[in-house]
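Right, one structure below, let's go through it.
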Amino acid sequence: MSELPRPCVVLVDDSREVRAVIRRLLEASGFEIVGEGGDGDEAIVLALRHQPDLLLLDTSMPKVDGIEALPAILAISPETKVVMFTGFEEPGLAARARELGAADFVEKSLLIEDLPERLMRVVESAVPRDGPVVPTRPRAVPEHPVHAEERAVLHEHVQQFRELFDRAEIGMATVTSSGSIVRANRALAALMSCSPYDLIGVDYGRLTVGRGDELDRHLEAICSRGADLRAMEHEVPSPPGVEGARFVRATLAPIRDSRHHVLYVFAQVQDVTAQRAVESDLRRSEENFRRLVTAVEEYAIFLLDLEGTVISWNSGAQRIKGYTSSEIVGQHFRVFYPREEQDAQHPERNLELALRDGSHAEEGWRLRKDGSRFWAMVVITPVYDEAGQHVAFAKVTRDQTRQRELDEERRDFADQRDHLLSMTAHELRTPTAVIDGSASVLRASWDELSTGDRDEFLRAIRSGATRLRRLASDMSMAAAATGDPLPLHLEEVSLTDLLRSAAGRAQAAGVDIHVETEIAREGVFEGDSVRLGQALDNLLDNAVRHGRAPVCLVGEVGDAISIRVTDGGPGVPADLEPRLFERFAVGDSGGTGLGLYFVREIAGRHGGDVTYRAPTEDAPTTLAMSFPLVQVSDRRGRRGS
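Quick note, the sequence shown lines up with residues 400 to 1040 if you use the numbering used here.
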């Protein structure tokens, strides 16, 4: 009997690690992998070239996602059975994929050792593509001791993120790079007056009440021009029977892979209807009040003739703009505007709008006498005599520079929060997939694998678990840092023990770089060994992940404690160096941007600081932490005196 032909398979997933694990698993199970790709465009080309029996297609990928590419794939290769492979566990998304012709819909949470059998059933099946979606029930397989702990870590972190997403009071959604919603939480569904299921597969632009083009521009900026965050305010459909418009602020944050390609976009949507109404009421009340005030320090209030020449001046105007009455009366009010607005006839246009509309209000940059700029809130109102004849304009100006700065600080804080959420989602994705895939291959093929292959998969599991633990530690410290300063538990600390423990932890994490430890001068001092250990863990992790061998840990006790971590790498990018120790400072290599921030906080709590020195011909890349020497005996003596 002749041997049956091996099914030909094309793998399309934006994660190389995921593709490597699946390729090894399928090849060991009798499949032939004829091509691999990383986005929907590549999937179409590979389908045309190979006409495979089966194409395993990721849902969310850069440029063109799987849902968008699916109809084209089936059109050019109608005999190919396409199986959607996704991390989004949404029944609505599965149903949409079936409608478009997918042969099956496999969630990445499926036990990966079950994947070959599932795919083989698809290859051999003649069930129409529009058949019902039948989820595969994971079999009860005893945990192998090699990866039981890692699977528990993975499950805990994924479950926590899902709960955060689903229970959040602010609307959240995961959308593809083209704007299709693939996951939505209850808060967003409530804003849109529907259920989360109803939103799956919907283009978010349809929910913006005529602002879809603006959404497309923001997505284009994120996907093609590398923008990090985009925000827009738009109206949303009102529930049946409810009068009045409702408005939301949508913040879009990209989730990228290691090559900076957009995997998907994380959207936060907040109802600002009440805020808009309050702001509108306050603005109207403030404008009416200003018209009644004749002389106050907080406002510049003055009159203009019909041509815009200043004819009166109050003390508030002198304080804000810097001119005395004798210096400014008789001059045209265009001198308060920047040169580009003067050239564009903007001051004269404001007078026309005030006369046409009854008043004109705006915010913008204005100039003081010394040439400095301030952010002004301005109201211009026509003044009429008793006969109704237009005789002048009243102009009220308030310096809003500080308020603008506070608003920018609030926006920056919100953007940092959005960034942290998006980076957390991104940081969880790859290590969880690698841990799950590596552990499953080990379980299924332990006896067939060589010692080298086993070690490779075990190192991948250990590295992924370490990355997840580091992320959990950073998140915990970030939460603590938003309240009171980090507490210290002072005790006697040996420099030798501190450094050797840190080096041991780095090497035990499965990192292939040896950490050389050098104690230039030993000593015992008072400090918090746990916090200092966390600081050294972050410094070593930074050197190992972003630098090169050799990695060295050097400590010395003199008049102060000095600890240095060096590596042979090229150092940090020039644009990142000035903000290296700021919260959420992140380069192209990824991370949460919290590690070095916490190093600085811990050093500061010990009375010291941390510095960075770029590599030179004579010295390697260096991160140095130093703080004053406090001897335990000295402190105890002071306490007893």
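Quick reminder that beta carbons are idealized off the backbone N, C-alpha and C, glycines included. All values reported here derive from a predicted model rather than from experimental measurement.
With DSSP as the reference, label residue i as helix, strand or coil.
i     : result
I421  : helix
F1026 : strand
G721  : coil
H633  : strand
Q906  : helix
A743  : coil
F980  : coil
E1000 : helix
P541  : Annotation note: pLDDT 45 at P541 (below 50); position unreliable, no value reported.
Y1011 : strand
Q736  : It should be pointed out that residue 736 corresponds to Tyr in this sequence rather than to Gln. Coil at Y736, not helix or strand.
G500  : coil
I700  : strand
M571  : strand
G970  : coil
L618  : helix
V521  : helix
G437  : coil
V463  : coil
V408  : strand
D769  : coil
D602  : strand
F688  : Confidence at F688 is low in this model, with a pLDDT of 49, below 50, so the placement of that residue should be treated as unreliable; the coordinate-derived value is given next. In this structure, F688 counts as helix in the three-state DSSP scheme.
T485  : strand
E642  : coil
V608  : coil
Considering only the beta carbon of each residue, do residue i and residue j sit closer than 7 Å?
i    : j     : result
I569 : Q667  : yes
S839 : I860  : no
E920 : V956  : Before going further, note that residue 920 is Arg rather than Glu in the sequence given. Against a cut-off of 7 Å, the Cβ pair of V956 and R920 comes out as a contact.
P653 : V661  : yes
F504 : M483  : yes
I432 : A471  : no
A793 : V777  : no
S711 : L702  : yes
V408 : L453  : yes
G500 : L456  : no
A901 : L935  : yes
G970 : T1020 : yes
Y603 : I580  : yes
Run through the DSSP bridge pairs and tell me what residue i is partnered with.
i     : result
T789  : A small correction: the amino acid at residue 789 is His; Thr does not occupy that position in the sequence shown. According to DSSP, H789 bridges with Y783.
Q669  : R648
K480  : L453
W845  : Note: W845 sits in no beta bridge, so no partner.
M776  : E762, R797
H731  : T708
G954  : I918, I962
T1021 : T965, R1012
A355  : What is shown of the chain runs 400 to 1040, which leaves residue 355 out entirely.
F924  : V892
I654  : Y663
Assign residue i to buried or exposed, taking buried as 16 or more other Cβ atoms, counted over all protein chains shown, within 10 Å of its Cβ.
i     : result
D612  : exposed
G787  : exposed
G882  : Any reading at G882 must be qualified, since the residue scores a pLDDT of 47, below 50, and its modelled position is unreliable; the value itself is stated next. Per the 10 Å Cβ criterion, exposed.
Q933  : buried
P477  : exposed
A716  : buried
L805  : exposed
R645  : buried
R738  : exposed
E891  : exposed
A1018 : exposed
F812  : exposed
A694  : Note that A694 scores a pLDDT of 45, beneath 50, so its modelled location is shaky and nothing firm can be said.
Considering Cα atoms alone, identify which of the options is closest to residue i.
i     : options                 : result
L857  : W845, R868, D896        : W845
R648  : F812, M1024, V671, V778 : V671
A1023 : T965, Y996, L993, E976  : T965
I719  : R765, E706, E751, A1013 : R765
L931  : G1003, R944, H745, L867 : G1003
M631  : H617, L898, F430, E762  : H617
L887  : L1028, E1000, C593      : E1000
F1026 : V998, P404, Y736, H745  : V998
A942  : R1012, E925, E890, D896 : R1012
E516  : G721, V635, R767, L425  : L425
E917  : E925, R904, V950        : V950
T895  : R904, V923, H913        : V923
G643  : T650, A676, L651, G625  : A676
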